[in-house]
Each structure stands twice: as structure tokens, then as C-alpha cells.
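A.B. asks: I have a structure I would like to understand better, so I am pasting it below and will then ask my questions one at a time.
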């Protein structure tokens, strides 16, 4: 091999190796930066994993939110809901998010942010009910969670700020009455969140009177559990449908049940006789 | 007045670059519907979509379903630069060019044009490798990887939506270009620029060099941010600057005092030239 060709090949190998090294650093940074599970997305957002693939970071949703018809101005200050994450915001860079305590979603009827999205990262498909009707009331931006230790309603004080702020009043937050045994003659009026009606708009967190909000919005996948197939609501006709075809004669095979119980108990014991 | 005419392309470029940034700002703060979004995806007059081909390519590798609007946006951009403008995006649109041109200016004013910490010959093709590697990284991490560090995004988003700590990254690029490698970011690293080089490889608008007028003064080679596209042609032959990395910035045309360089339309002029030659023979 002549020298010219040799040095050309060497520089190609060096350049590609440098590209792989640089690419790995970028990849490591991306892995770290995109994994922000507490980020709250605008209505109609895809599942976080798909959202990060699909969002092109153009900010059209943020512009639509900023320039919407029903601007909310309190004491001369405009309440900003959607932001586009800049470096340092501790959110995946360039993606839209909102912070309910300072700027909740006001649930515009025409959902301007969702319809502004060109890529389908925000899509009406993720903002509809079982019948396929699209409305902001079917948004699933997050779910409200109450901390009973700091919620003053749980102390026995009269509040209901979150209940009254909730756009889905008496559906997403209901007030439940309970006797206050401490005084013997008063009632607790306790807010209870019903996740199926909660849109995660954050009006409750915004309205909460405590120093740090006692009711907060969390992404649904962060907070909500899942009972799984094993548990069925016997009093719920719809839930009953799930086990309609279930056989009553099921045997579950596990590592232990493969042998009989006696064999399993006696295993490993040395008998004298 | 003379210097305005002489530097007309530079002035026009700065006007387009700042106008674009201003329109993005106005779209967010006053709701102007002229140019909304940013350089990864825009809407022109609220209807024409424009999308960054490299961002979309990364999204495809990441496994995203690409929406119709985005596909149309990419096609429009491919048509504009592929047929007409070449790599003009880099010098006429991209705001990072403001930073890297400033760094190049500092180098010229302090007479440190050739002081590099990195061997230029060795990093010639780095950007193309980097472009491909980042596509693979996008597939591996399941997100458009370069968009997390894209200074173009930091800059344009910064103007409309707040820059956060993004200015640090822009400062790093300035420092890198000034002290480490001449035209380092735009000329050797940026995968978006590499993509536009490939897109605009066959575009019509090109700089034409007339050897008969050239006095070999070297001004054009000194000012060109991608002078590997000039060096095979200047004072060697009369031809189009066909190197794919030419950004059509027009600086060479402006600094040439001998009128040896000018913007022309590649295929059309060539045809005419051939016809002229034929008629001359006849």
C-alpha cells in the first residue's frame, strides 16, 4: 500500500472512531436527559416513550397556548401554562410541559395546543372517551394526588378549595363527609379524587391554600397502580364481564406446585430408617 | 455606500437570518402568523409546513410514525435546497452561522487564521460519520438524539421560548471555533450542515469562477469557510464551484476585486455556453 492511500485510510478510521466516541457521549446525555418521569405534558400527548420519539420540538403547541382566546390575567400578570423546555429546566430539552402550581391547564374547549401539533405527538386519539368523542374533558394529562398529612380538610378544617376549583367538579373531586370523633359534633369534609374523571389540569394544585400544595398532579403512569387480572369487582357488572368466560376449574402450576405438597415438605430431609 | 454594495450578500444574509429569528419571536409574543415554530418545524403563513430533514430522519430512526404535515414539510425543504439553493440554509438561515462567523472574524482580525489545535486534514469527513452515527444513536435511545444538543434548536427556541442554559453551549461553539479549530462547528461537526450538503449537491445556484480574470490574490480562499471547495478551481480552471459543502454565502464573490467570481445558474448557463461554443464553431 502506498503512503498516500495508507494515510487516507488512517484518517478515515480516526474520523469514524471519533464520530462513534462523540455519538456515544451524545447518546449517554440523551438517555439521561429524556428520562424525566415527572414531566406533565399537554392534553392529547402520546405515552411518554412515544411522545419523545414523535415530538419535533417546534413549540407550535406552546405558541397556540400563549395566543389562545381565553387568556387568564390575574393582577395584570398573564398566567402562562405551556413552556418549551430549555436546558436547565430539568425536562427533556425542547419538549412542552406545564407546572400546575403556577400555570395550570385552563382546559380550552377548542384544545388549541393539541390541534397545533404537526407530528401527532399531541393527538385527538389520546383525548377521547370510549365512544370516540373528542373533548378536553377526556384529556389525561395527569392525576391529582392528595397528601392527607398536610391537607387541612383532613385536620377537620373547612376548605374545599380544590373541589371548587376543579373543572370536573363532583366528578373528578368529590367531598366526602365523615364524623369528627375528636370533637364529637363536627364533620370532616374530605376531598377524594376519582382518577377516571380527573384530567390532570392542575386547577386544584393551583388553588390549594397550603404553603406547599397538599394536592398535586402526577403523571398517571407514575402514580396509578394496577390491580391486574386477579381481582374483579363482584358488585360491578361491567367488571364482571372480564371473568365471564373464566373456567372455575383452573389449577395454577408454579415451581412449588409441580410436586405434591407432601413431597415438597419432605424434600431434603434425611430419614433415619 | 460602496461597501454596502460590495458586501450586499453579507448584508442580505444578516437580514434574512435576523428576520427569521424576529418572526419566530413575534409568533410567540404577538401571535403573528407569518413564520411560527422554529427551525426544526415551522409553519409559513399558518399553512405551509417546513420541516428539518435531518430531525425527521432521526425521528424515523427512533421509530416514530411520521405525520403527513411533516412529510410535506420535508419535501418542500428538499425541493427548495435540492433544486435551487444548495447548502444555502447554513449561511442564509441558520443563526449559529452568526456565532461561527463572529469567531472567524475574530481569527482574521487577530491574524490567527491557521492556528488550530486539531489537524484539519484529519477531520475532513468527520461530520458525515457523525451524521450517520447519530442516526444509529437515535435508534438505540429511541429519540432524535441530535435534537437534544442541537445548537440551532437552542438558538431558535431560545429566541421564542427562552434559552435557559442554552447560551453556554453557544458560547462553547464560539470558543471552539475561535481557539480550537477554524470553522470547527459548521465546517467539521454539524450533522445538519452535512445533511444539507448532501441535499444540495446538485442544486442550480452556484458560484462560477472565471480563470481569465483571476489574479490569484487568494482573498477568496482566505474568507471562504469551506475553502476546500474553492482550492481545486481557483486560478486553475474556469468552472462552477461544484463542491457540495459550498454554502452559497457569497463572501468569495464579494471579496474578489477582479470580478472573477459570480453567482450563476449551473445547468442553464452551461447549456447556453455549450450552444455558444457550437455556434462559434459553425
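Residue numbers (the working numbering), protein chains in the order written: chain A, 1 to 273; chain B, 1 to 282. Every residue gets a Cβ at the ideal spot worked out from N, C-alpha and C, and that includes glycine.
(1) By DSSP's criteria, residue 74 of chain A is part of a beta bridge. Which residues make up the other side?
(2) My assumption, with CB atoms under 8 Å, is that residue 138 of chain B sits in contact with residue 61 of chain B. Please give the rounded CB distance.
(3) Which runs of the alpha helix (DSSP H), 4 residues or longer, sit entirely within the segment 148-183 of chain A?
(4) Give the DSSP-derived three-state secondary structure of residue 272 of chain A in the structure shown.
(5) Along the alpha helix (DSSP H) that carries residue 29 of chain A, what are the first and last residues, could you check?
(6) Measuring only from the beta carbon, is residue 48 of chain B closer than 7 Å to any heavy atom that is part of the ligand NAP?
(7) Sort B:103, B:151, B:109 by Cα distance to residue 176 of chain B and report the nearest one.
(8) Can you tell which of A:127, A:267, A:166, A:96 has its C-alpha closest to the C-alpha of residue 202 of chain A?
(9) Please confirm whether residue 125 of chain B has its beta-carbon closer than 8 Å to some beta-carbon of chain A.
(10) Using a Cβ distance threshold of 8 Å, determine whether the segment 135-142 of chain A contacts the segment 73-93 of chain A, with at least three qualifying pairs required.
(11) Determine the chain B residues that contact residue 45 of chain A at a beta-carbon separation under 7 Å, and present them in chain order.
(12) When you compare only the Cα positions, how much space is there between residue 282 of chain B and residue 156 of chain B?
(13) Does DSSP put residue 282 of chain B in a helix, in a strand, or in coil?
(14) Which same chain residues end up closer than 7 Å to residue 234 of chain B when comparing Cβ atoms and leaving out the 5 residues on each side of it in sequence?
(15) Can you give the Cα-Cα distance for residue 195 of chain B and residue 243 of chain A, rounded to whole angstroms?
(16) To the nearest angstrom, report how far apart residue 57 of chain A and residue 64 of chain B are at their CA atoms.
(17) Answer yes or no: do residue 60 of chain A and residue 43 of chain B have a C-beta to C-beta separation smaller than 8 Å?
(18) State buried or exposed for residue 292 of chain B, treating a residue as buried only when at least 16 other CB atoms are found within 10 Å of its CB.
(19) With a threshold of 16 other CB atoms inside 10 Å of the CB of residue 148 of chain A, please say whether the residue is buried or exposed.
(20) What number of angstroms, rounded off, separates the C-alpha of residue 205 of chain B from the C-alpha of residue 245 of chain B?
(21) Evaluate the contact criterion for the segment 27-41 of chain A versus the segment 7-27 of chain B: three or more CB pairs, one atom per stretch, below 8 Å.
(22) Answer yes or no: does any C-beta atom of chain B fall closer than 8 Å to that of residue 57 of chain A?
(23) Do you know how far the Cα of residue 99 of chain A is from the Cα of residue 158 of chain A?
(24) Which residues, in order along the segment 54-76 of chain B, keep a beta-carbon less than 8 Å from a beta-carbon of chain A?
(25) Give a yes or no on whether the C-beta atoms belonging to residue 162 of chain A and residue 204 of chain A are separated by under 8 Å.
(26) Residue 211 of chain B and residue 236 of chain B look like a contact to me (Cβ under 8 Å); what is the Cβ gap, rounded to whole Å?
(27) Suppose the cutoff is 6 Å on Cβ atoms and the five residues either side in sequence are ignored; what does the same chain contact list for residue 266 of chain B look like?
(28) Taking 8 Å as the CB-CB cut-off, is residue 181 of chain A touching chain B?
(29) If we count Cβ pairs, one from each stretch, closer than 8 Å, do we get three or more for the segment 128-147 of chain B versus the segment 161-171 of chain B?
(30) Rounded to the nearest angstrom, what separates residue 173 of chain B and residue 199 of chain A at their Cα positions?
(31) Flag this pair as yes or no: are the beta carbons of residue 87 of chain B and residue 153 of chain B separated by less than 8 Å?
(32) Is the distance from the Cβ of residue 57 of chain B to the Cβ of residue 170 of chain B below 8 Å?
(33) Please confirm if residue 119 of chain A has its CB atom under 8 Å from at least one CB of chain B.
(34) Would you say residue 60 of chain A lies against chain B (beta-carbon separation less than 8 Å)?
(35) Using three-state DSSP, classify residue 73 of chain B as helix, strand or coil.
C.D. replies: So, from the listed chains and residues:
(1) A:77
(2) 4 Å
(3) 161-165
(4) Coil, per DSSP.
(5) 3-34
(6) In the structure shown, the ligand NAP is absent, as is every other ligand, since no ligand is present at all.
(7) B:103
(8) Residue A:166 is the option with its Cα nearest to residue 202 of chain A.
(9) yes
(10) At 8 Å Cβ cutoff, the stretches do not touch.
(11) The contacting residues do not exist; residue 45 of chain A stays about 14 Å from chain B at best.
(12) The predicted model places residue 282 of chain B with a pLDDT of 48, which falls under 50 and marks its position as unreliable; any figure quoted below should be read in that light. Computed Cα separation, rounded: 57 Å.
(13) Bear in mind that the predicted position of residue 282 of chain B carries a pLDDT of just 48, short of 50, making it too unreliable to give a figure here.
(14) 209, 214, 220, 221
(15) Here the alpha carbon of residue 195 of chain B sits roughly 56 Å from the alpha carbon of residue 243 of chain A.
(16) 14 Å
(17) yes
(18) In this structure chain B extends from 1 to 282, so residue 292 of chain B is not present and cannot be described.
(19) exposed
(20) 13 Å
(21) no
(22) yes
(23) 27 Å
(24) 55, 56, 59, 62, 63, 64, 65, 66, 67, 69, 70, 73
(25) Cβ distance < 8 Å, so residue 162 of chain A and residue 204 of chain A count as in contact.
(26) 7 Å
(27) 204, 206, 240
(28) no
(29) In the pairwise beta carbon analysis, the segment 128-147 of chain B is classified as not touching the segment 161-171 of chain B: fewer than three pairs are separated by under 8 Å.
(30) Rounded to whole angstroms, residue 173 of chain B and residue 199 of chain A show a C-alpha spacing of 43 Å.
(31) no
(32) no
(33) yes
(34) Answer yes: the Cβ-Cβ gap between residue 60 of chain A and chain B drops below 8 Å somewhere.
(35) helix
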